[in-house]
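Chains as they are written, first to last, in this note's numbering: chain A, 1 to 572; chain B, 1 to 343.
Idealized CB from N, CA, C, for every residue including glycine.
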Amino acid sequence: MVAGAAASRLSAAPQDYAIEPGEAGEAGGRLVVALRSEPKTLNPILSVDATSREVIGALNADLVHINRATQRTEPALAKSWTISPDGKRYVLRLRQGLKFSDGAPFTADDVVFSFALYLDEKLHSPQRDLLVIDDHPISVKKLGDYTVAVDLAKPYGPAERLFDGLAMLPKHLLEPAYREGRLAQAWGTAAQPQDLAGLGPFRLKLYVPGQQLVVERNPYYWKRDQSGKPLPYLSELTFVFVSSEDAQVIQFQSSETHLLERVNADNFAVLQKDAKTKGQCLLDLGPGLEFQFLVFNQNQLDPGKFRELTAKQTWFRNLKFRQAVSLAMDRRGMTRLVYGGRATPLWGNVTPGDKLWLNDKLPHPERSIEQARQTLQDAGYSWDSSGGLLDAQHRPVQFSILVSSSNAQRTKLAALAQDDLRQLGMDVQVVPMEFRALVDRLLNTKDYEAVLMNLVNGDVDPTPEMNLWLSRGETHLWNLGATKPPTAWEAEVDRLMEAQMTTRDPAARKTLYDRVQELAAQNLPLIFLVSPNILVAAQSTVGNFHPAILEPYVLWNAEQLFLRRAGAAQCP
Amino acid sequence: MPNRLRTVILISFLALLHLALLFAGFFAPYDFAQQHRDLPFAPPTRLHLVDAAGTWHAWPFVHSLRANVDGSDGYTEDVAQAYPLRLFVRGNAFQIVGPWTAHVHLFGVASPGQIFLFGTDDFGRDELSRMLFGGRISLFAGILGATAALSVGAFLGVLSGFYSGWTDAVIMRTSELFLALPWLYLLFAVRAILPLRVKTTDAFLLFIVVVGLVAWARPARLVRGIVLSARERHFALAARAMGASNFHVLRYHILPEIYVLLLTTAALLIPQFVLAEVTLSFLGLGVGEPIPTWGNLLIPMQKYSVLRSYWWLCLPAFALVLLFLAYHWASTTLQAALGEVRS
Chain A
1 MVAGAAASRL SAAPQDYAIE PGEAGEAGGR LVVALRSEPK TLNPILSVDA
51 TSREVIGALN ADLVHINRAT QRTEPALAKS WTISPDGKRY VLRLRQGLKF
101 SDGAPFTADD VVFSFALYLD EKLHSPQRDL LVIDDHPISV KKLGDYTVAV
151 DLAKPYGPAE RLFDGLAMLP KHLLEPAYRE GRLAQAWGTA AQPQDLAGLG
201 PFRLKLYVPG QQLVVERNPY YWKRDQSGKP LPYLSELTFV FVSSEDAQVI
251 QFQSSETHLL ERVNADNFAV LQKDAKTKGQ CLLDLGPGLE FQFLVFNQNQ
301 LDPGKFRELT AKQTWFRNLK FRQAVSLAMD RRGMTRLVYG GRATPLWGNV
351 TPGDKLWLND KLPHPERSIE QARQTLQDAG YSWDSSGGLL DAQHRPVQFS
401 ILVSSSNAQR TKLAALAQDD LRQLGMDVQV VPMEFRALVD RLLNTKDYEA
451 VLMNLVNGDV DPTPEMNLWL SRGETHLWNL GATKPPTAWE AEVDRLMEAQ
501 MTTRDPAARK TLYDRVQELA AQNLPLIFLV SPNILVAAQS TVGNFHPAIL
551 EPYVLWNAEQ LFLRRAGAAQ CP
Chain B
1 MPNRLRTVIL ISFLALLHLA LLFAGFFAPY DFAQQHRDLP FAPPTRLHLV
51 DAAGTWHAWP FVHSLRANVD GSDGYTEDVA QAYPLRLFVR GNAFQIVGPW
101 TAHVHLFGVA SPGQIFLFGT DDFGRDELSR MLFGGRISLF AGILGATAAL
151 SVGAFLGVLS GFYSGWTDAV IMRTSELFLA LPWLYLLFAV RAILPLRVKT
201 TDAFLLFIVV VGLVAWARPA RLVRGIVLSA RERHFALAAR AMGASNFHVL
251 RYHILPEIYV LLLTTAALLI PQFVLAEVTL SFLGLGVGEP IPTWGNLLIP
301 MQKYSVLRSY WWLCLPAFAL VLLFLAYHWA STTLQAALGE VRS
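This is how it looks when you write it as structure tokens:
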């Protein structure tokens with residue numbers, strides 16, 4: 001619809017502009033945002049971490065984009081697309097006359113080239129997994145200078161959402177490196193501005209390691225505002241690197257930065273104290289797509305190597321044990337004490353932020369220590385004279401919960417869980433640990449008893465969660481590397497997840513995924529705890545500030561952001 | 001007599017402080033791990049003598065707290081309910097020494113009233129109780145660490161100074177080796193190779209053993225110096241000339257010379273080791289939750305939001321300053337006082 005309007009109003013324009021609705025802004029200005037870490041790479045093919053993706057997002061564009069506010073797809077570099085009746089062929093028509101930020105034209109050749117890179121097994125692109133449907137990689141063909149066809153082995157449930165986040169790359173700049181096998185080294189953080197080109201609203205201007213990364217307005221950008229003024233409004237966007245959140249908050253309070261991407265509830269409360277006098281907009285966007293959970297080690301382990309741990313796994317594999325743990329969790333207390341009420345208690349894997357997919361019929365059993373104790377007793381557990389829990393073999397129930405030491409909130413959640421479980425007679429120790437060491441134990445050595453951690457869903461769709469739920473999935477955290485589903489319910493989840501991925505009818509997919517949520521809530525492979533709200537802040541001089549619960553929360557509409565010269569304080 | 005008076009005041013202050021920490025269970029109104037999940041970050045409870053109607057009372061009372069209904073951070077007092085302060089109340093059971101337990105606490109208020117004289121932390125745990133229990137661990141880690149370091153140091157120092165020759169050479173070169181060891185990094189390294197689940201008592205003992213092992217070198221060198229000079233004094237030589245044994249000379253002529261030194265060194269080492277424990281726990285490598293120490297009580301101070309909003313969580317830092325000052329003055333006063341006695 002947006003593209004249609006563009007064609008009629010700007011038929012004389014050499015480019016197929018996209019028109020963005022929104023407040024008409026003032027051109028110029030320099031917006032400053034703090035990042036928690038430095039980008040590891042500027043290469044869209046190789047980026048894994050959130051920081052790199054955020055910067056890459058400002059420099060690049062995709063064919064079809066998920067609008068972070070509406071959560072629906074909209075035309076981006078592809079002006080329109082059609083899907084064949086069998087759901088296996090997508091024909092995309094590209095905008096014509098578009099140019100990369102270095103002035104070179106963008107055509108179907110660039111699209112075919114970009115997909116070749118994403119699909120190249122030797123490059124190990126993290127996006128490759130999403131482009132392999134039912135074990136067959138998608139194939140991309142050029143039909144004309146501005147038309148491409150994408151063929152899938154099977155119909156794909158999320159349909160054109162597939163194309164979101166896949167940056168289209170300049171063939172003229174990257175092909176030589178790719179031919180010589182140097183693509184993995186191209187566009188690293190040492191790259192010079194003239195080596196890079198993209199279709200995003202900004203292009204690289206300056207990168208000072210340890211300090212800042214500056215991007216400037218892309219003069220060839222393909223979006224305009226409703227009055228026909230070119231976007232982006234900002235002439236520069238500066239990312240400064242500030243590793244601690246507290247320091248970011250202090251900088252924001254002294255107006256050194258314009259936006260705060262993610263604030264924890266404690267700092268949000270501090271900011272609230274003088275938001276009015278300082279002219280700052282603080283927004284609580286409600287639950288995001290992040291969920292905190294407790295997971296017990298149910299991996300198949302070598303009993304010779306992990307004698308004590310394998311003995312404890314008889315508890316962890318016992319559903320009644322996990323039910324008792326879940327019943328003892330004071331989720332409401334966690335929301336209040338850890339997040340100052342700015343979070344939602346969870347009993348399933350889908351957060352209330354994902355309104356389209358949430359199964360709202362899942363039961364929300366209230367916390368009950370008595371019921372938890374009864375459940376344990378039914379499973380053959382007993383208590384010694386001092387109240388300590390003993391299993392059926394009269395061994396005391398003792399285990400440790402690993403938690404990332406860098407995340408104060410999760411450490412606090414773990415301390416609350418520890419106290420809750422103490423009331424069941426479990427002797428639990430919380431072990432804060434450096435995050436990478438924790439992930440290594442969780443995914444590689446499997447030397448842990450329980451872990452309290454979080455996951456963030458990338459999209460409001462079940463498909464990105466395939467790796468978590470499939471029993472052979474790479475992040476099937478509680479039991480990794482199983483060749484076949486160890487339990488009947490996991491076998492059912494495998495079938496359901498595979499079916500939802502290749503079903504095109506959204507209602508049918510919802511029914512399938514509802515059942516997955518039900519099975520997860522019944523069998524508790526993860527003990528779901530809470531989903532924190534997304535809290536963001538901006539100086540009130542920032543115009544078109546419309547943060548969303550999908551990443552990147554505040555910079556998703558970077559091309560529309562502008563700075564008001566007359567500081568009229570307006571918060572959305 | 002101002003000197004003597006000062007000594008008496010200081011010693012009694014330190015003795016009281018140590019007693020309060022030793023019997024933390026009695027002086028603390030709550031258990032250190034008891035959470036009041038409805039009252040996180042409650043400010044220090046006010047003791048009132050005048051009620052809402054303006055009437056004076058002879059005995060202090062407190063009001064219960066309610067979270068602000070307007071959603072803002074903080075609490076208001078519910079003046080409708082008054083709970084008089086009570087002495088020697090029954091409460092949670094606590095250990096006195098070993099298996100002995102008791103129920104009586106110095107003060108408290110009737111349920112459902114709450115009294116948090118130093119406020120509460122993020123889990124609604126009473127900060128005063130946590131400071132008392134936490135001080136017990138921090139302070140006794142310091143005292144035991146100092147005892148270990150001084151015993152090893154004094155023994156080796158006397159051996160070294162008295163026998164000289166190769167014994168001296170071996171001990172002194174070893175001490176130089178230990179002086180060069182950065183103890184904090186050594187503790188990090190030892191902590192890293194230990195299993196994930198370390199009991200609090202083990203972590204505590206480990207701390208003392210490592211500190212004792214590393215810190216003996218400096219006292220040993222000081223003791224050696226004193227012994228070397230005492231050995232050559234006329235009275236020691238005279239005793240030897242009259243056929244006194246090595247043991248006799250040591251016991252009656254040399255050891256008395258080092259007592260003063262040991263006491264002053266102890267008064268210097270204890271706060272130093274308390275600080276070591278505090279540093280380690282502050283960095284999250286010492287004793288873990290929910291057991292408090294003065295170090296891990298200060299962890300919340302790493303957060304900007306706490307610094308801005310909850311001043312009462314700084315109180316453990318003031319307790320530390322007070323303790324260090326008291327020990328410092330005690331060491332100077334002791335030295336002066338003992339010097340007077342000797343002369």
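query, result
"If you draw a straight line from the C-alpha of residue 292 of chain B to the C-alpha of residue 44 of chain B, how long is it?", "19 Å"
"Check distances from the C-beta atoms of the segment 285-310 of chain B to those of chain A and list, in chain order, the residues that come in under 7 Å.", "288, 289, 290, 303, 304, 305, 308 and 309"
"Using the Cα positions of residue 88 of chain A and residue 499 of chain A, report the straight-line distance between them to the nearest angstrom.", "15 Å"
"With three or more beta-carbon pairs closer than 8 Å as the criterion, would you say the segment 212-227 of chain B touches the segment 168-181 of chain B?", "yes"
"How about residue 63 of chain B and residue 42 of chain B: do their beta carbons lie closer than 9 Å?", "no"
"Excluding the 5 residues preceding and the 5 following residue 52 of chain A in the sequence, name in chain order all residues of the same chain whose CB lies nearer than 8 Å to its CB.", "39, 40, 41 and 42"
"Between residue 336 of chain A and chain B, is any beta-carbon pair separated by less than 9 Å?", "yes"
"Could you give the first and the last residue of the continuous alpha helix (DSSP H) run that contains residue 539 of chain A?", "Premise fails: residue 539 of chain A lies in the beta strand (DSSP E), 526-539, not in any alpha helix (DSSP H)."
"Express the C-alpha separation of residue 422 of chain A and residue 22 of chain B in angstroms, rounding to a whole number.", "26 Å"
"Per DSSP, residue 19 of chain A forms a beta bridge with which residues?", "A:224"
"So within the segment 404-453 of chain A, which uninterrupted alpha helix (DSSP H) runs reach at least 4 residues, ignoring any that extend past its ends?", "408-422 and 435-440"
"Is the number of C-beta pairs between the segment 266-283 of chain A and the segment 234-252 of chain A that are closer than 8 Å three or more?", "yes"
"Within 9 Å of any Cβ in chain A, is that where the Cβ of residue 35 of chain B sits?", "yes"
"So that I know if they touch, is there some Cβ in chain A lying closer than 9 Å to that of residue 124 of chain B?", "yes"
"Please identify the residue among A:507, A:111 and A:547 whose C-alpha is closest to the C-alpha of residue 64 of chain A.", "A:111"
"Looking only at its own chain, which residues have a Cβ that is under 8 Å from the Cβ of residue 107 of chain A, when we skip the five neighbours before and after it?", "94, 145 and 146"
"One question on the structure: do residue 36 of chain A and residue 245 of chain A come within less than 9 Å of each other, judged by their Cβ atoms?", "yes"
"Please state the DSSP three-state secondary structure of residue 236 of chain A.", "strand"
"What's the call for residue 50 of chain B, buried or exposed, on a 16-neighbour Cβ count within 10 Å?", "exposed"
"Less than 9 Å between the C-beta atoms of residue 376 of chain B and residue 128 of chain B, yes or no?", "Nothing in the structure corresponds to residue 376 of chain B, since chain B is present only between 1 and 343."
"What's the C-alpha gap between residue 370 of chain A and residue 377 of chain A?", "10 Å"
"Is residue 202 of chain B close to chain A, meaning its C-beta is less than 9 Å from at least one C-beta of that chain?", "no"
"Quick one: does residue 219 of chain B have its CB under 9 Å from some CB of chain A?", "no"
"Which same chain residues, not among the five before or five after residue 338 of chain A, have their C-beta less than 8 Å away from its C-beta?", "265, 409, 412, 413, 416 and 530"
"For residue 178 of chain A, which residues of its own chain have a beta-carbon under 7 Å away from its beta-carbon, when the five flanking residues on both sides are left out?", "117"
"Could you please give the first and the last residue of the uninterrupted alpha helix (DSSP H) stretch that includes residue 171 of chain B?", "165-180"
"Run through the DSSP bridge pairs and tell me what residue 142 of chain A is partnered with.", "A:148"
"What's the gap between the Cα of residue 27 of chain B and the Cα of residue 266 of chain B?", "27 Å"
"Would residue 321 of chain A pass as a contact of residue 379 of chain A if the rule is Cβ separation under 9 Å?", "yes"
"How many angstroms separate the CA atom of residue 205 of chain A from the CA atom of residue 407 of chain A?", "33 Å"
"Using CA atoms only, rank isn't needed, just tell me which of A:148, A:451 and A:332 is closest to residue 293 of chain A.", "A:451"
"Checking the sheet assignment: what are the DSSP bridge partners for residue 136 of chain A?", "A:133"
"Mind checking whether residue 227 of chain A and residue 29 of chain A have CB atoms under 9 Å apart?", "no"
"May I ask you to check if the CB of residue 390 of chain A is nearer than 8 Å to at least one heavy atom of the ligand COA?", "Of the ligands one can find in the structure shown there are none, so the ligand COA has no counterpart to examine."
"What residues of chain B sit near residue 267 of chain A, judged by a beta carbon separation below 8 Å?", "304 and 305"
"So, is the C-beta of residue 418 of chain A closer than 9 Å to a C-beta in chain B?", "yes"
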